[in-house]
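Comments concern the structure below.
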Amino acid sequence: NAGVTQTPKFQVLKTGQSMTLQCAQDMNHNSMYWYRQDPGMGLRLIYYSASEGTTDKGEVPNGYNVSRLNKREFSLRLESAAPSQTSVYFCASSALTGYNSPLHFGNGTRLTVT
Amino acid sequence: QKEVEQNSGPLSVPEGAIASLNCTYSDRGSQSFFWYRQYSGKSPELIMFIYSNGDKEDGRFTAQLNKASQYVSLLIRDSQPSDSATYLCAVDMEYGNKLVFGAGTILRVKS
Numbered sequence: 003n004a005g006v007t008q009t010p011k012f013q014v015l016k017t018g019q020s021m022t023l024q025c026a027q028d029m030n031h032n033s034m035y036w037y038r039q040d041p042g043m044g045l046r047l048i049y050y051s052a053s054e055g056t057t058d059k060g061e062v063p064n065g066y067n068v069s070r071l072n073k074r075e076f077s078l079r080l081e082s083a084a085p086s087q088t089s090v091y092f093c094a095s096s097a098l099t100g101y102n103s104p105l106h107f108g109n110g111t112r113l114t115v116t
Numbered sequence: 022q023k024e025v026e027q028n029s030g031p032l033s034v035p036e037g038a039i040a041s042l043n044c045t046y047s048d049r050g051s052q053s054f055f056w057y058r059q060y061s062g063k064s065p066e067l068i069m070f071i072y073s074n075g076d077k078e079d080g081r082f083t084a085q086l087n088k089a090s091q092y093v094s095l096l097i098r099d100s101q102p103s104d105s106a107t108y109l110c111a112v113d114m115e116y117g118n119k120l121v122f123g124a125g126t127i128l129r130v131k132s
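As they're listed, the protein sequences go chains G and S.
Basically the working numbering = 1-based index in the first sequence + 2.
Basically the working numbering = 1-based index in the second sequence + 21.
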């Protein structure tokens, strides 16, 4: 049982380059999320998808786009990377819609933008 | 005031002692409270969650809620070196439409 799988684990980009972070879950969860984690700032929500076919902005959506490809997969795209997007990115899923259901996290992607 | 605040630590306790971690939150209407453990370089993993209807004990871990003072605690009994990690508190806000994480408390258990 893989849980939440993210790829890649590490990535280095130059300013202005684009990339897509992939996330898939095999727990049949309805909701999926993308967070970023920066030192001293905790986890901040970028985008979320309450259910298949819907996506909504979180706290820090600027510079990102998402696609909920199907119930299993939720991708995060950086169209033109900036050094401020250097961070650790976590994908998460939860069984229920809404924030009263525990989150299950993937292993993270460490992104550096130079 | 931050929505969810935690003392960054590090909190150092000897092996076998009780570690007490606290988290304060700003929204009086919060109903769901989560504690995650995060080892260095790893992803957060859920330890416990409680709802506003009461405290919870699971093995060596106890989560306690004080709604009047708006804080939630995590007690770790018989602390082990393997408990050394960052502990993240998360609280739902705005009638369950938002989940806010604290920045975490670093716990170090000395053998």
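All C-beta atoms in this analysis are idealised placements derived from N, C-alpha and C, irrespective of residue type, glycine included.
**Study point:** residue 114/G CB to nearest heavy atom of the ligand FMN below 8 Å
**Key:** What this structure holds is no ligand at all, so the ligand FMN is not there to describe.
Review point. In chain order, what residues of the same chain have a beta carbon less than 7 Å from the beta carbon of residue 61/G, not counting five sequence neighbours either side?
Key: 46 and 47
Practice item. Compute the Euclidean distance between the alpha carbons of residue 104/S and residue 14/G, then round it to the nearest angstrom. Key: 32 Å
Exercise for review: Using DSSP bridges, identify the partner residues of residue 71/S.
Suggested key: 54/S
Practice item. Grab the span of the beta strand (DSSP E) containing residue 31/S for me, first residue to last. Key: No beta strand (DSSP E) contains residue 31/S, which DSSP labels as neither H nor E.
Exercise for review: Using three-state DSSP, classify residue 100/S as helix, strand or coil.
Suggested key: coil
Check your understanding: For residue 78/G, does the count of other Cβ atoms within 10 angstroms reach 16, so buried, or fall short, so exposed?
Key -> buried
**Study point:** Strand pairing of residue 4/G, partner residues [DSSP]
**Key:** Beta-bridge pairing links residue 4/G to no other residue.
**Study point:** Under the three-state DSSP convention, the category residue 33/G falls into
**Key:** strand
Exercise for review: For chain S, find out if any of its Cβ atoms is closer than 9 Å to the Cβ of residue 64/G; answer yes or no.
Suggested key: no
Point to revise | Beta-carbon neighbours of residue 52/S, restricted to chain G and to distances below 7 Å | key: 102
Check your understanding: Under three-state DSSP, which class holds residue 85/G?
Key -> helix
Review point. If you measure from the beta carbon of residue 48/S to each beta carbon in chain G, is any gap under 9 Å?
Key: no
Review point. List, in order along the chain, the chain B residues whose C-beta lies closer than 9 Å to that of residue 109/G?
Key: Looking for chain B here will not work: the only protein chains present are G and S.
Check your understanding: Since residue 92/G meets chain S, which of its residues come closer than 7 Å, beta carbon to beta carbon?
Key -> 64
Check your understanding: Do residue 92/S and residue 45/S have their C-beta atoms closer together than 9 Å?
Key -> yes
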